[in-house]
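I have placed the structure first, in the form of structure tokens, so that the comments after it can refer back to it.
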Amino acid sequence: MTREHQTEMTAPTDREFVLMREFDVPRDLLWKVWTDPAHLAKWWGPTGFSTTTHSQDLREGGSWRFTMHGPDGHDYPNHIRYTTIREPEHLAYEHVEMPGDEPACFQAEGLFEQIGDNPPRTRVTFRMIFPTAEDRERIVKTYGAGDGAIQTFNRLAEHVKRQTGSDADKPFVLTRFFEAPRQLVYDAWTRQEHLAKWFGPPVVTLSHCTLDLRVGGTFHYEMKFPGGDHWGRWVFREISPPERLVFTCCFSDEHGGVARSFFDQRWPLEWLNVVTFEPHAGLKKGTVVRLESWPVNASQGERDTFRAGHDSMTQGWGGTLDKLDAFLAGRLPSSAARSG
Amino acid sequence: MLRELTLGERNLTELASPFDMSFPAASKHVRVLEEADLVRRRVEGRSHVCTINAEPLKNVSDWTNGFRRFWEERFEALDNYLEELQKKERRDDA
Chain A
446 MTREHQTEMT
456 APTDREFVLM
466 REFDVPRDLL
476 WKVWTDPAHL
486 AKWWGPTGFS
496 TTTHSQDLRE
506 GGSWRFTMHG
516 PDGHDYPNHI
526 RYTTIREPEH
536 LAYEHVEMPG
546 DEPACFQAEG
556 LFEQIGDNPP
566 RTRVTFRMIF
576 PTAEDRERIV
586 KTYGAGDGAI
596 QTFNRLAEHV
606 KRQTGSDADK
616 PFVLTRFFEA
626 PRQLVYDAWT
636 RQEHLAKWFG
646 PPVVTLSHCT
656 LDLRVGGTFH
666 YEMKFPGGDH
676 WGRWVFREIS
686 PPERLVFTCC
696 FSDEHGGVAR
706 SFFDQRWPLE
716 WLNVVTFEPH
726 AGLKKGTVVR
736 LESWPVNASQ
746 GERDTFRAGH
756 DSMTQGWGGT
766 LDKLDAFLAG
776 RLPSSAARSG
Chain B
2 MLRELTLGER
12 NLTELASPFD
22 MSFPAASKHV
32 RVLEEADLVR
42 RRVEGRSHVC
52 TINAEPLKNV
62 SDWTNGFRRF
72 WEERFEALDN
82 YLEELQKKER
92 RDDA
């Protein structure tokens, strides 16, 4: 979310990659998220990936076995052996090639330097060393390792930021792989003729749709639902082709004003969407789209409603029925509501 | 009550018992559910048999899962659309 620190990538020699980034957190926290499987599951790997740890023995000579699950549905089993563990400043390992694994052979090391105490700041330098320049090239070509490493660092930055922030304002995040070049995917989001085709419901196209693609400009549309029609409006805040789009969203009316949600009066009036388009760092070539949303200028009640709206996946059908039952019971005279 | 009714038809006494509700209280609750068109009631002799009407519930489910569902469906549509576009491009190139 913040853009204050950037990941820098350099190649001091033709068989190396070096990534460097500063983080506004203490060094101990970075060491922890880098070595604890519960944390690694949440950030290790490029955009759209998740990681499952099978076993970890965090000592020199010990192994970490894990599988990275790509957004294109491909699984990448991995086995690394720790060669240096000096908490909290130096971690090094080698990648072990196992029969049946994807071929990849390299050494890596992470250096964690605390460069400030108040506020805490830590610099991480991560170096990957391949046996030859050809090996590095192959990993870059086959897996998009360069993009992948930067995306991984960006996910690390977001993850450590979440550790220090409040859980209540956790944004809604949805990530998906598209087997299409990034420019085309970006165009699909920013050209009226494309938006009209896919942004509408499955059967009917958008019954109204105008796009004024500039900062402060709007996308204004009418959508037909089985239960009724609704108007929506985006206002663009950032347009960075082909990487990033930022816009506020609201329910609207035919004149383009701001309207309350038709399905829930407690839904926030406006929410911010950040859409990023990143090259997929994996075997299939394509683009990973990541949508992140959170309410703007919303009351606590509206933020709670928003949160409930996207967390409700986990509640299932039974939870929905119970909620409805309780809601209806609230409309009963008090004598009967007791056991609602 | 609604959850109970997803398991099958129930008469009022059966609906009231798990909640330790009186018959009139249960009847009132069912009346509210009837008004919301979520429950249908028919009288068989002295027994009031209730059945669930799932149609409005579908809307409720859409509403609570709305945001995620909405974007998942949009992404699905985008995926199909991009595939179509690229097929068309390849046809045009051929």
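Here the protein sequences come in this chain order: A and B.
Sequential numbering of the first sequence, starting at 446, is according to the working numbering.
Sequential numbering of the second sequence, starting at 2, is according to the working numbering.
For each residue, glycine too, the CB sits at the ideal point set by N, CA and C.
Remember, it's a predicted structure, so these values are computed and weren't measured experimentally.
Next on the checklist: Mapping the DSSP letters down to three states, classify THR577 of chain A as helix, strand or coil.
Outcome noted: Residue state, collapsed to three classes: coil.
Item to check | Whole-number beta carbon distance between VAL630 of chain A and LEU83 of chain B, since they are thought to touch under 8 Å | outcome: About 7 Å separates the two Cβ atoms, so the contact holds.
Next on the checklist: Looking only at its chain, what residues have a beta carbon closer than 8 Å to the beta carbon of LEU766 of chain A, apart from the 5 residues adjacent to it on each side?
Outcome noted: The predicted position of LEU766 of chain A is uncertain, since its pLDDT is 44 and thus under 50; a value taken from the coordinates is nonetheless stated next. Apart from the 5 residues on each side of it in sequence, LEU766 of chain A has no Cβ closer than 8 Å to any other Cβ in its chain.
Next on the checklist: What does the alpha-carbon distance come out to for the pair ARG748 of chain A and PRO713 of chain A?
Outcome noted: One alpha carbon belongs to ARG748 of chain A, the other to PRO713 of chain A, and they sit about 7 Å apart.
Item to check | Whole-angstrom distance between ALA537 of chain A and PRO576 of chain A, CA atom to CA atom | outcome: In a straight line, the C-alpha of PRO576 of chain A is about 16 Å away from that of ALA537 of chain A.
Item to check | Neighbour-count burial assignment, PRO778 of chain A, 16 or more Cβ in a 10 Å radius | outcome: Per-residue confidence for PRO778 of chain A stands at a pLDDT of 37, beneath the threshold of 50, marking its modelled position as unreliable; the derived number appears in the next sentence. The residue in question, PRO778 of chain A, is exposed, as its Cβ has fewer than 16 Cβ neighbours within 10 Å.
Item to check | Neighbour flag for VAL463 of chain A against chain C, beta carbons, 9 Å | outcome: No chain C is part of this structure, whose protein chains are labelled A and B.
Next on the checklist: Using 8 Å for Cβ pairs, my map puts ARG524 of chain A next to ARG510 of chain A. What's the rounded Cβ distance?
Outcome noted: Looking at the sequence itself, residue 524 of chain A is His, so the reference to Arg does not match. Right, the Cβ-Cβ distance comes to about 5 Å (below 8 Å), so this counts as a contact.
Next on the checklist: Mapping the DSSP letters down to three states, classify ARG572 of chain A as helix, strand or coil.
Outcome noted: In this structure, ARG572 of chain A counts as strand in the three-state DSSP scheme.
Item to check | 7 Å CB neighbourhood of MET573 of chain A in its chain, flanking five on each side removed | outcome: Listed in chain order, the non-local C-beta contacts of MET573 of chain A below 7 Å within the same chain comprise GLU461, PHE462, PHE551, ALA553, local neighbours out to five positions each way being set aside.
Checklist entry - What three-state label does DSSP hand GLU582 of chain A in the structure shown? => result Helix, per DSSP.
Item to check | Residues of the region 628 to 648 of chain A whose Cβ lies closer than 7 Å to any Cβ of chain B, in chain order | outcome: Answer set for the region 628 to 648 of chain A: LEU629, VAL630, ALA633, LYS642, TRP643, PHE644, PRO647.
Next on the checklist: Counting only C-beta atoms, is ALA456 of chain A closer than 9 Å to chain B at any point?
Outcome noted: No, because no Cβ of chain B sits closer than 9 Å to the Cβ of ALA456 of chain A.
Item to check | Where the alpha helix (DSSP H) containing ARG460 of chain A begins and where it ends | outcome: Premise fails: ARG460 of chain A is in no alpha helix (DSSP H) and is neither H nor E.
Checklist entry - Mind checking VAL660 of chain A: buried by the 16 CB within 10 Å criterion, or exposed? => result The residue is exposed, with fewer than 16 neighbouring Cβ atoms inside 10 Å.
Checklist entry - Given GLN608 of chain A, which residues of its chain have a CB within under 8 Å of its CB, disregarding the five upstream and five downstream residues? => result Only VAL470, LEU474, VAL478 meet the Cβ criterion.
Checklist entry - Going by other Cβ atoms of all chains shown within 10 Å of its Cβ, with 16 needed for buried, is ASP592 of chain A buried or exposed? => result Here ASP592 of chain A is buried. Its C-beta has 16 or more other C-beta atoms within 10 Å.
Item to check | DSSP three-state assignment for LEU86 of chain B, whether helix, strand or coil | outcome: Here LEU86 of chain B sits in helix by DSSP.
Checklist entry - Counting pairs of Cβ atoms below 8 Å between the region 681 to 693 of chain A and the region 718 to 734 of chain A, do you hit three or more? => result With the rule of 3 Cβ pairs closer than 8 Å, the region 681 to 693 of chain A counts as touching the region 718 to 734 of chain A.
Checklist entry - Taking the alpha-carbon positions, what's the GLN745 of chain A to ALA704 of chain A distance? => result Between the alpha carbons of GLN745 of chain A and ALA704 of chain A lies a distance of about 19 Å.
Checklist entry - Taking only beta-carbon atoms, is PHE664 of chain A less than 9 Å away from chain B? => result Not closer than 9 Å to any Cβ of chain B, the Cβ of PHE664 of chain A fails to qualify, so no.
Checklist entry - Which word fits GLY610 of chain A, buried or exposed, when buried means at least 16 other C-beta atoms lie within 10 angstroms of its C-beta? => result GLY610 of chain A is exposed by the Cβ-count criterion.
Next on the checklist: By the three-class DSSP mapping on this structure, what secondary structure does HIS725 of chain A have?
Outcome noted: In this structure, HIS725 of chain A counts as coil in the three-state DSSP scheme.
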